[in-house]
Amino acid sequence: MDPRGALGRWYAKTKAEAKTSQQSVQKDLWKSSRGAIWSRICGISRLEYFQISQKRCLILLIRSGIQMTSRNPLLLCLALLLFAGALPAQEPAREEQGTTENSATSAAQKYTPSYSEEGAASCLRCHAGGEMRAIQSGPHFNLQNPGAPAAHHYCESCHGPGSIHVSRAHGGRGYPPLTEFGRGKDTAPRDEQLAACMHCHGTAGEVRKTIGFYGSPHDRKAINCSTCHTVHTESDPIKDREEQAETCYGCHRKMRAGHPQFEAESMNIHVMKCSDCHDVHRPLPE
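Numbers 144 to 429, taken from my numbering, label the letters of the sequence shown in order.
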């Protein structure tokens, strides 16, 4: 066997396979319309097109192809469109992140409660019952008193910002609760109710009348201010002697028998009330 003949056949076979592979690559490059357009405009081969970036190809176009606009503007327009279409693929993560941050900011602004610029007028459109009319003659609605809630944010001074409450109500999506006072299931948590009252009536408030409530027996029994006090009236009934006695007897039923002087036929009922002896807003003495 001639070794040179075997070597020659191997060399010929290898050369043929390399040529076939090269032709296949060239065929694929020719099929690429994008590569053909760019290479024709930029004055480079199709293989060079795939070896450099599109941005660099555009630089070549600007440097040497200004005159192409008058000779073949259509090809120039197509190339620019292809280049513009390739750029957004490099920035998707940043754009998506920005969109997410903007959405989060928008949602925070949308669901952050704010006070109404119209004051009580916004509330009275829906809440115009007897209690709303009565409170307008009471001390909490006295606009001449700088310490009154109405002198600040009207109803929202006690019930909290109502922007979300109003927007959802008008959209028919239910009524997100504001700070509702009382002891029912639909009322706000006790701490939230007390915080609203103590804003004015606490140690740092403008009306200091409940300095020692925290730690008092009524506080330890988890009683709210609204358990005894009624705000939506011209005058709090608890200030009336007879009404105060009935309010206290609502819980202290056993005390009625030990205080016969508070019976209707007794004259003392018009002179004294429970709070004359009992300060319910202070802790018991040590």
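Don't be surprised by glycine CBs; every beta carbon is placed ideally from N, CA and C.
- The way I'd put it, the stretch 274-289 doesn't touch the stretch 380-395; fewer than three beta-carbon pairs between them come closer than 8 Å.
- For M415, there is no enclosing alpha helix (DSSP H), since its DSSP letter is neither H nor E.
- Beyond the five residues adjoining it in sequence on each side, C371 comes within less than 6 Å, by CB distance, of I381 and T390 in the same chain, given in chain order.
- Closest option to H361, judged by alpha-carbon separation, among H395, V374 and T373: H395.
- Between H308 and C266, the alpha-carbon positions lie close to 10 Å from each other.
- In this structure, the straight-line span from the alpha carbon of A159 to that of R152 is close to 11 Å.
- Of all alpha-carbon atoms in H424, A263, Q279 and S259, the one lying nearest the alpha-carbon of F356 is that of H424.
- Leaving aside the five residues that flank K416 on each side, the residues in its chain whose CB is nearer than 6 Å to its CB run, in chain order, R384 and Q387.
- Our two residues, G345 and L321, have alpha carbons roughly 21 Å apart in a direct line.
- With a contact defined as Cβ atoms closer than 8 Å, H375 and A277 qualify at about 6 Å.
- Closest in C-alpha terms to M398, from the list S378, H421, E377 and D379, comes H421.
- For T330, no alpha helix (DSSP H) run applies, since DSSP gives it neither H nor E.
- Relative to A338, the option among G358, Y297 and G303 whose CA is nearest is G303.
- The shortest C-alpha to C-alpha distance from G305 to any of G290, C343 and G262 is the one to G262.
- For G273, the uninterrupted alpha helix (DSSP H) segment begins and ends at G273 to I278.
- Taking C-alpha positions only, T373 is separated from S300 by approximately 16 Å.
- Residue burial annotation: P292 is buried, with at least 16 other C-beta atoms found within 10 angstroms of its C-beta.
- Collapsing the DSSP output to three states places Q336 in a helix.
- Taken atom to atom, the span from the alpha-carbon of S257 to that of A365 is near 30 Å.
- Here C269 is exposed, its C-beta having fewer than 16 other C-beta atoms within 10 Å.
- Measuring C-alpha to C-alpha distances from G290 to each of C343, D334 and D419 identifies C343 as the nearest.
- Between S369 and G325, the CB-CB gap stays under 7 Å.
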